[in-house]
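The UniProt record's numbering applies: residue 1 is where the sequence shown begins, and numbers increase by one.
Heads up, the beta-carbon is just placed ideally off N, CA and C, and yes, glycines get one too.
None of the values given here were measured: they were computed from a predicted structure.
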Amino acid sequence: MPTDTTTASVSSSGPWDAKLQQFHGGQEWTQLSNFVEDFSVTTNPFGMPSAAKLAAAHSIEHSHHYPPADQEPAKSSLARFLWPSEFETERDRLILGNGASELIDLVIRMAPAGTWRPGPFYTQYKEYERSARNNNFTMLSPDTSDKANVACLVNPCNPTGDYLELPELKAWISANVLPGGYAIIDESMQPWHSEQFRKHSLISQREYVEELYREQGISVFVMHSWTKLWCCTGLRLGSVVCPTAEHMRAIKKIQVPWSVNTVALAFLNAVVDDAEYLKDTWELTPAWRKATVDQLRELFPEWEFHGREFLSWIWIDTKDASVAERAVELARAAGVPVRSGRPGYNLPTFIRVAVRHPAKVDVLVGALKAI
Ligand SMILES: Cc1ncc(COP(=O)(O)O)c(C=O)c1O
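The structure is reproduced here in structure tokens:
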């Protein structure tokens, strides 16, 4: 069987099979004997919320049983978190997955065949593209004015840090999705927006989504990876809000049973109640982000810093591929790996740096002084 390697990175390394898999950050920490902090992923700087971590640890006790086939009560708990007052009417549109990655692939598998296009930014998180290629879609470029059968937009965009507010987002969907098509909007990083994130999110737009489906047959899916906000990448947790309960059932029909395990479900069921963790997240992420940008800007005035102020990472254009490479090397050597823009994104002058505790940032900044 021929293998399409067009999404493979040019110079990925470590555990990734560059011919078959998409490169991601977060794999180096085990290889570093002096590991301090992982700046190569976009997870929450506050680490795993402790009460939910405890609930997850306790759930090992009953992991000799199968997990619930209906994902309950965790699914309803997440629904209550997403729609505090309307969760009972909304929860039938929601389904959990083994990370967003599983759901990205499932939704693209059941999407109408034809053309695929990414969002409007110069690059975006690549798993949508990988899945579309694997499922034989015809790929359109981000700057085409053609509408596609399936359009995927990451908002806020990892890695560029761009963000569309609802009116712009709706205009983009109207301009880029064919009647009968799918729009998959990834809002994994959107809850960082603020305490008011729900009202800025497509999850609050039920009437709009229903109308689009009724009048043009366009199905809008809102994808969330929960492994970033609640810092649990190893547990694997994602969800998708479907346009209708029928779409949710169509995913359920093709989803492998028990794909979300007992430990991840216990974690989710508890974490949605951790208001203190989110309060810290909303308060301190922008402050720590700004402090990191200020420190780096002072050292490297020629670097450009991209991304909205509330995000858990900084997308940096060093303007010079050799400088970016040196930054990646120095950070790794100091036990604070950062994400290079070269593998996967093919943007060799860029690096992506996570927002982290100031003491950990000092280690990174200390290392980068040697550039
Ligand atoms: C925007 C975005 N969506 C989805 C994912 C997939 O996350 P997971 O499968 O860990 O839930 C990621 C991971 O980096 C991401 O950045």
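From the DSSP output, in three-state form, read off residue i for me.
i           : result
Ile254      : helix
Phe137      : coil
Pro243      : coil
Thr292      : helix
Thr115      : strand
Ala18       : coil
Val353      : strand
Ser76       : helix
Phe23       : coil
Val361      : helix
Glu28       : coil
Ser9        : In this prediction, Ser9 scores a pLDDT of 40, lower than 50, which makes its location untrustworthy; the coordinate-derived value is nonetheless stated afterwards. If DSSP states are grouped into helix, strand and coil, Ser9 belongs with coil.
residue 373 : What the structure shows of the chain is the stretch from 1 to 371, and residue 373 is not part of that stretch, so it cannot be assessed.
Asp280      : helix
Thr262      : helix
Trp172      : helix
Pro2        : Legend: pLDDT at Pro2 = 39, less than 50; position of this residue unreliable, no value from coordinates given.
Ile60       : helix
Phe121      : coil
Ala69       : coil
Gly366      : helix
Ser33       : coil
Met48       : coil
Ser194      : coil
Ser131      : helix
Thr160      : coil
So residue i and residue j are supposed to be a Cβ contact under 8 Å. How far apart are they, rounded?
i      : j      : result
Ser219 : Tyr182 : 5 Å
Gln22  : Arg130 : 5 Å
Met139 : Ile185 : Between Ile185 and Met139 the Cβ distance is about 19 Å, and since that is not below 8 Å, they are no contact.
Ala327 : Ile351 : 5 Å
Ala331 : Ala367 : 6 Å
Leu265 : Pro49  : Their Cβ separation, rounded to whole angstroms, is 15 Å, which puts Leu265 and Pro49 out of contact at 8 Å.
Val263 : Ile60  : 7 Å
Leu78  : Leu94  : 7 Å
Asp280 : Phe46  : 6 Å
Tyr122 : Thr160 : 7 Å
Identify every residue that forms a DSSP beta bridge with residue i.
i      : result
Gln148 : Note on identity: in this sequence residue 148 is Ala, with Gln being the wrong assignment. Looking at the DSSP assignment, Ala148 forms a beta bridge with Val177.
Gly97  : Gly238
Phe39  : Val338
Asp105 : Note: Asp105 sits in no beta bridge, so no partner.
Leu153 : Ile185
For chain B, find out if any of its Cβ atoms is closer than 8 Å to the Cβ of residue i; answer yes or no.
i     : result
Glu88 : Although the question refers to chain B, the structure presented lacks it and comprises just one protein chain.
Find the nearest neighbour of residue i within the set the options, judged by alpha-carbon distance.
i           : options                          : result
Cys242      : Leu106, Asn98, Thr30 and Arg356  : Leu106
residue 372 : Leu229, Ala55, Ala171 and Gln190 : Examination of residue 372 is not possible in this model, given that the chain is present from 1 through 371 alone.
Leu311      : Ser101, Arg356 and His62         : Arg356
Tyr125      : Pro73, Glu215, Gly25 and Gly114  : Gly25
Glu72       : Ser145, Thr160 and Gly97         : Gly97
Phe137      : Ser145, Val271 and Cys152        : Cys152
Val154      : Val41, Lys147 and Leu164         : Leu164
- Item | Any alpha helix (DSSP H) of 4 or more consecutive residues that is wholly inside the segment 303 to 337 | Qualifying alpha helix (DSSP H) stretches, in chain order: 321 to 333.
- Could you give the uninterrupted runs of the alpha helix (DSSP H) lying entirely in the segment 198 to 227, keeping only those of 4 residues or more? Here the runs fully enclosed are 206 to 216.
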